[in-house]
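To keep things clear, I will list the structure first and then write my remarks on it.
Protein chains: 2
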Amino acid sequence: MAYSVAPLDRLCEQFERLPGIGKKTARRLAYYVITRPDDMAGKFSDALLSAKAKIKYCSVCQNLTDGEVCSLCSAADRDRSVICVVEDAQDVMAFERTREFKGLYHVLHGAISPLDGIGPDQLKLRELMARLSDGTVKEIIVATNPTVEGEATASYISRLVKAMGIKVTRLAYGIPVGGDLEYADEVTLSRALEGRKEL
Amino acid sequence: MAYSVAPLDRLCEQFERLPGIGKKTARRLAYYVITRPDDMAGKFSDALLSAKAKIKYCSVCQNLTDGEVCSLCSAADRDRSVICVVEDAQDVMAFERTREFKGLYHVLHGAISPLDGIGPDQLKLRELMARLSDGTVKEIIVATNPTVEGEATASYISRLVKAMGIKVTRLAYGIPVGGDLEYADEVTLSRALEGRKEL
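Those sequence lines, one after another, are chains A and B.
Residues are numbered in our numbering as their position in the first sequence, beginning at 1, plus a constant of 386.
Residues are numbered in our numbering as their position in the second sequence, beginning at 1, plus a constant of 386.
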């Protein structure tokens with residue numbers, strides 16, 4: 387293209403690296419940030435740097451936190467005998483939104499994926515094992531994603547944890563609430579059938 | 387929600403201010419930027435600050451540029467007798483992509499919208515008028531958006547420019563190429579009928 391402005395192009399590139407943001411959207415967002423009258427670019431940049439500087443992994447559960455130990459791990463009212471193992475910090479938020487789970491979490495920061503070069507060593511598994519040594523934990527709920535990578539990770543964890551004599555469970559598979567049976571894929575439907583419960 | 391991390395929430399807020407980005411997407415993007423291993427937050431922040439610092443309005447056409455005069459206004463091969471007036475800098479990109487228009491541009495940075503408190507004085511109209519004084523410009527193509535605000539702006543500009551004895555044209559209305567007649571709204575269709583051409 388004949389017309390381009392280098393600093394703007396560089397900003398577009400950063401926006402384009404975000405998941406789900408294409409070339410056109412990136413350009414629109416970059417223009418938006420730059421042309422806002424209230425120094426949005428400055429505020430945005432501050433928020434990025436401050437988040438990057440202050441946010442680290444909780445030394446216990448590896449969730450994102452701005453302290454040494456996250457507010458969930460340090461809360462007095464959580465059940466310390468159950469740990470829900472998830473792939474990402476966002477999954478913790480999803481569980482917290484249910485207001486059902488009262489145990490603790492462990493964030494793996496990924497899933498085993500040999501194609502992407504991610505093996506067990508790249509995940510926060512050592513940190514999970516360390517938490518199991520003192521006998522407080524009675525159950526591990528493996529809540530990795532229902533994908534090939536999530537399944538591989540689940541069975542890997544299951545083997546390790548069972549060897550320590552701790553109960554391992556996996557989230558139930560089935561049809562999503564509010565969904566339409568017609569649109570359920572066959573794998574989900576067979577799993578729902580398999581896991582059927584007496585009424 | 388029980389669980390929140392202040393610096394992360396502030397970053398989410400900034401993402402949420404972007405057009406078309408909702409609460410959930412903002413959270414996903416914020417997590418993404420923060421958890422990238424290659425200091426994406428730092429690079430993003432640099433790109434924002436550098437764009438903000440270097441990009442200003444072209445002193446001639448008010449388009450975004452990192453110089454004093456933008457590359458379009460300073461190009462030797464553009465037709466200086468035609469100015470295409472647009473609302474935003476992004477519209478310039480859209481015209482440049484057509485590779486059809488060889489004239490110059492003028493970016494208004496908005497459209498007249500009394501409800502939003504935007505009158506003619508908030509737009510780069512004075513700068514447009516200044517460009518018309520030396521008699522070089524023979525035609526003004528008003529390419530504001532086909533919205534109420536865009537129309538109001540177009541008729542305002544038309545009155546001013548015609549008074550100076552300069553030709554004013556407006557983009558053709560009609561059915562979009564590749565569109566389906568069935569889905570064209572009635573206003574567009576009547577305009578397309580009105581503007582029909584002999585084959």
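All residues carry an ideal CB built from backbone N, CA and C; glycine is no exception.
Values in this document were obtained by computation on a predicted structure and should not be read as measured data.
When DSSP states are grouped into helix, strand and coil, tyrosine 418 of chain A belongs to the helix group. Going by beta carbons, glycine 581 of chain A and alanine 558 of chain A fall inside the 7 angstroms limit.
Closest in C-alpha terms to aspartate 477 of chain B, from the list B:Ile526, B:Leu435 and B:Thr530, comes B:Thr530. Contact between alanine 416 of chain B and leucine 435 of chain B is ruled out by a C-beta separation of about 18 angstroms, above the 8 angstroms threshold. Around isoleucine 420 of chain A, the beta-carbon contacts reaching into chain B at under 8 angstroms are Ala437, Lys438, Ile441 and Leu450.
Taking a beta-carbon distance threshold of 7 angstroms, serine 431 of chain A counts as an interface residue toward chain B. Taking the C-beta atoms as reference points, alanine 570 of chain A is found no nearer than 7 angstroms to glycine 536 of chain A.
In this structure leucine 490 of chain A does not touch leucine 511 of chain A by the C-beta definition: roughly 16 angstroms separates them, more than the 8 angstroms allowed. A direct Cα-Cα distance of roughly 9 angstroms separates phenylalanine 487 of chain B from cysteine 470 of chain B. DSSP places glutamate 525 of chain A inside the beta strand (DSSP E), whose first and last residues are 525-528.
Contact annotation: alanine 578 of chain A and glycine 560 of chain A have beta-carbon atoms nearer than 7 angstroms. Proline 405 of chain A places its beta carbon less than 7 angstroms from that of tyrosine 418 of chain B. Looking at A:Ser576, A:Val472, A:Ala462 and A:Ile527, the one whose alpha-carbon comes closest to that of arginine 556 of chain A is A:Ile527.
B:Gln448 is the residue among B:Gln448, B:Thr533 and B:Glu568 whose C-alpha sits nearest the C-alpha of methionine 515 of chain B. Judged by DSSP in its simplified three-state form, lysine 510 of chain B adopts coil rather than helix or strand. Between the beta-carbon of valine 468 of chain A and that of valine 455 of chain A there is about 18 angstroms, and that puts the pair past the 8 angstroms contact cut. Using beta-carbon distances, valine 471 of chain B does not count as an interface residue toward chain A, since no partner is under 7 angstroms. Around the CB of lysine 409 of chain B, fewer than 16 other CB atoms lie within 10 Å, so the residue is classed as exposed. Residue nearest to threonine 522 of chain B within the set B:Arg466, B:Ala437, B:Phe401 and B:Ala433 is B:Arg466 (criterion: CA-CA distance). CA-CA distance, aspartate 452 of chain B to leucine 394 of chain A, rounds to 9 angstroms. Close partners of glycine 565 of chain A in chain B (Cβ separation under 9 angstroms) are lacking, with about 19 angstroms as the shortest Cβ gap.
Secondary structure note for threonine 555 of chain A: its beta strand (DSSP E) is the uninterrupted segment 553-556. The beta-carbon separation of alanine 392 of chain A and glutamate 402 of chain A, rounded to 15 angstroms, does not stay under the 8 angstroms limit for a contact.
For the 7 angstroms CB-CB criterion, glutamine 400 of chain A and phenylalanine 430 of chain B form a contact. In this structure, the beta-carbon distance from alanine 475 of chain A to leucine 509 of chain A does not fall below 7 angstroms. Interface criterion met: the Cβ of leucine 415 of chain B is under 7 angstroms from a Cβ in chain A.
For tyrosine 542 of chain A, the uninterrupted alpha helix (DSSP H) run begins and ends at 534-548, by DSSP. From the listed residues A:Lys442, A:Asp424 and A:Thr421, the smallest Cα separation to proline 423 of chain B is found for A:Lys442. Look at the region 511-543 of chain A: it has no residue with a C-beta under 9 angstroms from a C-beta of chain B. Distance from the CA of valine 573 of chain B to the CA of arginine 517 of chain B, rounded to the nearest whole angstrom, comes to 34 angstroms. With contacts defined as CB atoms closer than 7 angstroms, valine 554 of chain A and valine 547 of chain A qualify as a contacting pair.
Using a CB distance below 9 angstroms, the part of the region 396-408 of chain A facing chain B consists of Arg396, Leu397, Cys398, Glu399, Gln400, Phe401, Arg403, Leu404, Pro405, Gly406 and Ile407, ordered along the chain. Close to leucine 394 of chain B, with beta-carbon spacing below 7 angstroms, are these residues of chain A in chain order: Ala437, Ile441 and Leu450.
Looking only at B:Lys438, B:Thr533 and B:Thr539, the smallest Cα-Cα distance to isoleucine 504 of chain B is reached by B:Thr539. Contact between alanine 439 of chain A and lysine 438 of chain B is ruled out by a C-beta separation of about 20 angstroms, above the 8 angstroms threshold.
Proximity of chain A to valine 446 of chain B at the Cβ level (cut-off 9 angstroms) is not reached, the minimal Cβ distance being about 14 angstroms.
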